[in-house]
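Data block below; observations after.
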């Protein structure tokens, strides 16, 4: 496909329900980095509130087919396809290239396995209407509105959607893209993308964004992990207080 000049269109999350993934939507989870800022620890297997970061990533894209995890195989209670980039530790673009060889869907979610809030973040991506015309009426209820149709027509000019963090930074590894657009972008890079950055991969694609705030926060350091664990503990405590209060009012 013809590559477009880079373009960004920013929107904000709305309150519309998340659209379920369909067999036309695949997912790539990148779980093969060196984690150098964590002393080489297996970052996807770090535990937060009883669940690993990899477990959270896989749960976030439940319903996708296939779910391709790029990295060393690890125990999982989910049906996934494992892949490895060539060479190992060849970078995220090389990982995406390896996964694309196993995917034939119109769209694909791409996320890193270091997101404590992966499920909530991907839910923001799922709110967005399909990028590909053949994925229209993603919910299967046949009730597309005129507004949905207008938005989907606008999407015809977009190659993908990615989230931005609290500082407005683009989170390339928290996105939803047209599979054909990613294939074309990988093919345009030398050495199948080995050692290339996500910025280089996506530079000529037309992307739209959604602000996700702290939902896009990742874990790169031990301090990040400590904050994420504290946040989850606080959320669990708040949920317990709310639940107890609701029971008292019944």
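Residue numbers (the working numbering): 15 to 264. Even for Gly, the Cβ is constructed at its ideal location relative to N, Cα and C. Predicted, not measured: the structure shown is a model, and the values here were computed from it.
Residue i, buried or exposed, once every other Cβ within 10 Å from all chains shown has been counted against 16
i           : result
residue 100 : exposed
residue 93  : exposed
residue 39  : buried
residue 140 : buried
residue 157 : Because the pLDDT at residue 157 is just 45, under 50, the model does not fix this residue reliably, and the point stays unresolved.
residue 207 : buried
residue 236 : exposed
residue 115 : exposed
residue 185 : buried
residue 135 : buried
residue 64  : exposed
residue 47  : buried
residue 205 : exposed
Cβ of residue i within 8 Å of any chain B Cβ
i           : result
residue 246 : You won't find chain B in this structure, because it holds only one protein chain.
Close beta carbons around residue i, own chain, < 6 Å, minus the five adjacent residues each side
i           : result
residue 127 : 43, 45, 58, 67, 68, 71
residue 118 : none
residue 234 : 51
residue 73  : 133
residue 108 : 99, 207, 208
residue 103 : 48
residue 228 : 180
Bridge partner(s) assigned by DSSP for residue i
i           : result
residue 184 : 178
residue 96  : 83
residue 40  : 122
residue 62  : 65
residue 189 : 124, 176
residue 227 : 179
Contacting residues, own chain, Cβ-Cβ under 8 Å from residue i (five flanking each side not counted)
i           : result
residue 15  : Low local confidence applies: a pLDDT of 41 at residue 15 is under 50, so the model's placement there is unreliable, with the coordinate-based value given in what follows. Closer than 8 Å at Cβ, skipping near neighbours: 194, 195, 198.
residue 277 : Shown here, the chain extends from 15 to 264; a query on residue 277 therefore has no answer.
Supposed contact pair residue j and residue i - C-beta distance, whole angstroms, cut 8 Å
i           : j           : result
residue 179 : residue 213 : Contact doesn't hold; Cβ gap of about 15 Å is too wide.
residue 130 : residue 226 : Not a contact, Cβ separation roughly 13 Å.
Own chain, CB closer than 7 Å to residue i, minus 5 neighbours either side, in chain order
i           : result
residue 112 : 84, 97, 98, 99, 100
residue 240 : none
*Inspect the CB distances between the stretch 182–195 and the stretch 66–85 and report whether three or more fall short of 8 Å.*
no
*With contact counted as at least three CB pairs below 8 Å, one residue from each stretch, are the stretch 196–207 and the stretch 233–249 in contact?*
no
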